[in-house]
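**Q** Sending over a structure as structure tokens; questions will come in a sec.
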Amino acid sequence: MAKSLIIVESPTKARTITKYLGRGYTVMASVGHIKDLPTSKLGVDLEHDFEPQYVTIKGKAKVLADIKKKAEEADKIYLAPDPDREGEAIAWHLEQELLGKSKKKQGGKIFRVLFNEITKTAVKRALESPGEIDMNLVNAQQARRILDRIVGYQGSQLLWTKVRRGLSMGRVQSVAMRLICEREAEREAFRTEEYWSIVALLSGTNPPSFEAKLHSINGEAASIENGEQAARVVEHIQGKAFVVESIERREKKRNPVAPFITSRLQQEASRKLHFSPKKTMTLAQQLYEGMEIGAEGATGLITYMRTDSPRISNEAMAEAREVIQARFGADYLPATPNIYKTQKAAQEAHEAVRPTSAARDPESIRQYLDQDQYNLYKLIWNRFIASQMVPAILDVTRIDSTPVGTPVKYGFRSTGTVVKFPGHTIVYMEGVDKELPTEKPKADQEAEDDNDRQLPALSEGEQLRLVQQEGESAIGLTSKQHFTQPPPRYNEALLIKELEEKGIGRPSTYAAIISTIQDRKYVEKTEGRLVPTETGKTVHDYLMKGFPELINVDFTSQLEEQLDEVEGGTKPWVTAVRDFYTPFTKELERAKTIPGPKDIVEPPTDVPCEKCGKMMEIKWGRNGKFLACPAYKADPPCKNTQNFQKLEDGTIKIVPKIELTTDQKCDKCGSGMVVKTGRFGKFIACSAYPECKTTKPLALGVKCPQPDCGGDLVQKRTKKGRSFFACGNYPKCEYALWDRPINKTCPTCHAPFLIEKVSKQAGRSVQCRNEECGYREAG
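First residue of the sequence shown: 94, per the working numbering; consecutive thereafter.
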């Protein structure tokens, strides 16, 4: 029997595919990339057409050796990493390794196959029509990787010199930071304006009573700037009868939206499920690679989740129509399938993110998914089914009325909407970010915000009367004070939308970009919004001075277009890299001459050191600026530091350091122990410092699992700085593990705690430490 080897990226995907195929197939996982640029140097030959110097990734030598061993026994080798640029590059690296030094094709032995969905039918169909590696895709990915390495390596080195060690510069992340910082600057420059609204509660011949908002004054848009003006308007209208001037009724269609592409999926999951983009993509990867679904066995539940095309196959479209017909009836089914336009530069080879089977509704598989997986699958299924349904039909009514006998003409407007036929909204309603007004809204815009009410039957010329509301001193009239708000900060959904609209990055990179700027402490989340930290602002200010062209939105967007040209085979990748590298080197040299925070010597402050009396100096650290005693190198040294805040008048206000007390006592002096924060995170220290320098690791709240131990697990570091977790009773107890313990009992096997796993491929996940249990949840 012929032997075939299939190589995929993920072990989960490998297990799923293995169950579909017979004994003649071996499925192995590369576990992501096997080769990359070296971490210790640039790894790009700038003098010879940017030749990359790929090396085997640390820890992947054994994986690669196992694959080579199996490849020697195979008659056919199918390279099946993910169907995108990055997957094509992985397949190419695998091919290069398997071919060896000869670099010649092995007589039709190595093939490239694409799995757009991990189902039995799709896998077998792909194996029946294998192809070759697309070098245009490889070159596009190679160009992107080299560009990112050049910026990341050389730019980050400059930041280390000019700002502080440990910072990073990224080709796309720096542009994302520019958007966030510029929005913050807009907010800081914003000046609030007061405005007032006036609402009348009216009643006609037929119930119910209804609200009407002041819309115009003497035919022009109403603008009431203060309480005095509002009171004058109320005085003019109070006690007057109203008359209906005009009634406009129209039928409005609300069309369904396209099935998900990657960016839209991340945005909707953020709005509706409050998932971070990283979490969304991790869960989507799990649904794509395959889940155990009862008697059906392991199967992929959604198509490939990295796509920018809303295209749907004819088979999937037909199946969706069958589900709609059976579940909702013929009234919800359009005469012909809905087709959605593809964005410019979208990869038409991919379909939209959709269920692999429309017949597999969320409720039917709920018991096999955890809550987050179920929620995301339901979102994808609902959106896909709704995309193939008819529009919703709405009856929109607009009534204009005016009070009779006033000194000036006041126009009031009421808008109401009634759902005549729900159409696709019976399944799915697209989420919308509610943003606060940055200027005075027009009266008709305000009315549209409340257009989901039902209005009574009225006729033109009909008289209306003011109805007194409970607790109101003025009959039927309410005046309210409002203030314009600054532009809203970006949340993750809005930032992705902005990046997509401006053509910055690719949909598959958005999750990594947003995760990176948070991991680097450039931004932090406050009430769900992205707020630049002092570090983020400082880095952005320096980059704007040194690299104005590089982090220009239009320049970055044009570069993405060039990478698309490389993928399309119309531009050599070396040319694309050179077109970027030439202006980058000029900016890099200029940036070296621009002073950074490290180059600027701040004068001593007028704040005395509380320990030695010397005037404190402003220094720059990993968490921003702080006050430090200038005698830190003296003999004896004074290492006193203080947090501070600079007020608008330039004076410095000391911000006390917050130390959390504990119920523990110091083993040496008996003083209370407090929680402090150091360069490696939080720890427990004696409150009598510096007289007593006793410290302890901070317990994680997880008990040591060793019998009769009773100790707490704590975080420690190896001599090389790698974190691990061990029992606090060491050396009496030597229990240790690499993965972070999570204080949560396994719901399946009742193990006392779970562990956190983190990988570049799958992101963060929480799972049972007992491999035989198999419990796993997204992080």
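For every residue, glycine included, the Cβ atom is placed at its ideal position computed from N, Cα and C.
Taking all protein chains shown into account, do 16 or more other C-beta atoms lie within 10 angstroms of the C-beta of arginine 257, making it buried, or fewer, making it exposed?
**A** Buried.
**Q** Rounded to the nearest angstrom, what separates alanine 233 and arginine 271 at their Cα positions?
**A** If you take the alpha carbons of alanine 233 and arginine 271, they lie about 25 Å apart.
**Q** Does aspartate 672 come out as helix, strand or coil in the three-state DSSP assignment?
**A** If DSSP states are grouped into helix, strand and coil, aspartate 672 belongs with the helices.
**Q** Less than 8 Å between the beta carbons of serine 552 and proline 352, yes or no?
**A** No, the Cβ-Cβ distance between serine 552 and proline 352 is not below 8 Å.
**Q** Identify, in the order they occur along the chain, each residue of the same chain with its Cβ nearer than 7 Å to the Cβ of glutamate 539, setting aside the five sequence neighbours on each side.
**A** The predicted position of glutamate 539 is uncertain, since its pLDDT is 42 and thus under 50; a value taken from the coordinates is nonetheless stated next. Ser290 and Lys306, listed in sequence order.
**Q** Are glutamate 444 and threonine 373 closer than 8 Å when you measure CB to CB?
**A** No.
**Q** Taking the runs of the beta strand (DSSP E) that are 3 residues or longer, which of them lie wholly in the region 222 to 247?
**A** Whole beta strand (DSSP E) segments, 3+ residues: zero.
**Q** May I have the straight-line CA-CA distance separating phenylalanine 514 from threonine 298, to the nearest angstrom?
**A** Phenylalanine 514 and threonine 298: Cα-Cα distance of roughly 28 Å.
**Q** For lysine 106 and serine 780, I'd like the C-alpha separation in whole angstroms.
**A** Approximately 53 Å between the Cα atoms of the pair.
**Q** Taking the beta strand (DSSP E) that cysteine 820 belongs to, which residues open and close that run?
**A** Where cysteine 820 is concerned, the enclosing beta strand (DSSP E) stretches over 816 to 820.
**Q** Since threonine 698 and leucine 720 are thought to touch, with beta carbons under 8 Å apart, how far apart are those beta carbons, to the nearest angstrom?
**A** 7 Å between Cβ atoms; contact.
**Q** In the region 294 to 334, which residue ranges form an unbroken alpha helix (DSSP H) of at least 4 residues, counting only runs that do not cross its ends?
**A** You should have 320 to 330.
**Q** With a CB to CB cut of under 7 Å and the five nearest residues on each side skipped, what residues in its chain are close to lysine 850?
**A** Closer than 7 Å at the Cβ level, and outside the excluded window around lysine 850, lie Asp832, Ser858 and Gln860.
**Q** With the cut-off set at 8 Å, would you say alanine 409 and arginine 447 are in Cβ contact?
**A** Yes, the pair counts as a contact, with Cβ atoms nearer than the cut-off.
**Q** With a cut-off of 8 Å on the beta carbons, I'd call valine 101 and alanine 173 a contact; round off their distance for me.
**A** At roughly 5 Å, the Cβ-Cβ gap stays under 8 Å, so valine 101 and alanine 173 are in contact.
**Q** In three-state terms, what does DSSP make of threonine 495?
**A** The answer is strand: DSSP assigns threonine 495 an E or B state.
**Q** When you compare each of Asp488, Tyr503 and Leu487 to serine 494 by their alpha carbons, which one comes out closest?
**A** Ranking the options by Cα distance to serine 494, first place goes to Tyr503.
**Q** Within 10 angstroms of the Cβ of threonine 628, are there 16 or more other Cβ atoms? Answer buried if so, exposed if not.
**A** Buried, since its Cβ has 16 or more Cβ neighbours within 10 Å.
**Q** Where does histidine 575 sit, in a helix, a strand or coil, going by DSSP?
**A** Note: histidine 575 maps to strand in three-state DSSP.
**Q** Taking only three categories from DSSP, how would you classify tyrosine 868?
**A** Residue state, collapsed to three classes: coil.
**Q** If you run the structure through DSSP and keep just helix, strand and coil, what is glutamine 266?
**A** Glutamine 266 falls in the helix class under three-state DSSP.
**Q** Lysine 128: buried (16+ other C-beta within 10 angstroms of its C-beta) or exposed?
**A** Buried: at least 16 other Cβ atoms inside 10 Å.
**Q** Is it buried or exposed for arginine 810, if we count other Cβ within 10 angstroms and need 16 for buried?
**A** Exposed: under 16 other Cβ atoms inside 10 Å.
**Q** I need the straight-line Cα distance from glutamate 341 to valine 520, nearest angstrom please.
**A** If you take the alpha carbons of glutamate 341 and valine 520, they lie about 30 Å apart.
**Q** Can you tell me whether serine 457 is buried or exposed? The criterion is at least 16 other CB atoms within 10 Å of its CB, across all chains shown.
**A** The residue is exposed, with fewer than 16 neighbouring Cβ atoms inside 10 Å.
**Q** Shortest alpha-carbon distance to lysine 434 belongs to which of Trp474, Met482, Met398 and Ile354?
**A** The shortest C-alpha separation from lysine 434 is found at Ile354.
**Q** Between the region 252 to 267 and the region 207 to 215, do at least 3 Cβ pairs fall closer than 8 Å?
**A** Contact fails: fewer than three Cβ-Cβ distances are below 8 Å.
**Q** In the DSSP assignment, find the unbroken alpha helix (DSSP H) run with asparagine 407 in it and report its ends.
**A** Segment 407 to 421, the alpha helix (DSSP H) holding asparagine 407.
**Q** Is threonine 626 helix, strand or coil when you go by DSSP?
**A** DSSP places threonine 626 in coil when its eight states are reduced to three.
**Q** I'd like to confirm the pairing. Which residues does DSSP put opposite arginine 205 in its beta bridges?
**A** Bridge partners of arginine 205: Leu172 and Gly224.
**Q** Given a threshold of 16 other Cβ atoms within 10 Å of its Cβ, counted over all protein chains shown, does histidine 843 qualify as buried or as exposed?
**A** The residue in question, histidine 843, is exposed, as its Cβ has fewer than 16 Cβ neighbours within 10 Å.
**Q** Would you check if the region 357 to 365 and the region 419 to 434 touch, i.e. whether three or more CB-CB distances between them fall below 8 Å?
**A** Output reads no: the region 357 to 365 does not touch the region 419 to 434.
**Q** Roughly how many angstroms separate the alpha carbons of glutamate 695 and aspartate 742, rounded to a whole number?
**A** Each residue's alpha carbon lies about 17 Å from the other.
**Q** Are glutamine 266 and isoleucine 745 close, meaning C-beta to C-beta below 8 Å?
**A** In this structure, isoleucine 745 does not lie closer than 8 Å to glutamine 266 by Cβ.
**Q** I'd like the list of long-range same chain contacts for isoleucine 110, defined as Cβ closer than 6 Å, with 5 residues on each side in sequence excluded.
**A** These residues qualify, in order along the chain: Val120 and Val216.
**Q** Under three-state DSSP, which class holds valine 483?
**A** Three-state DSSP puts valine 483 in coil, outside helix and strand.
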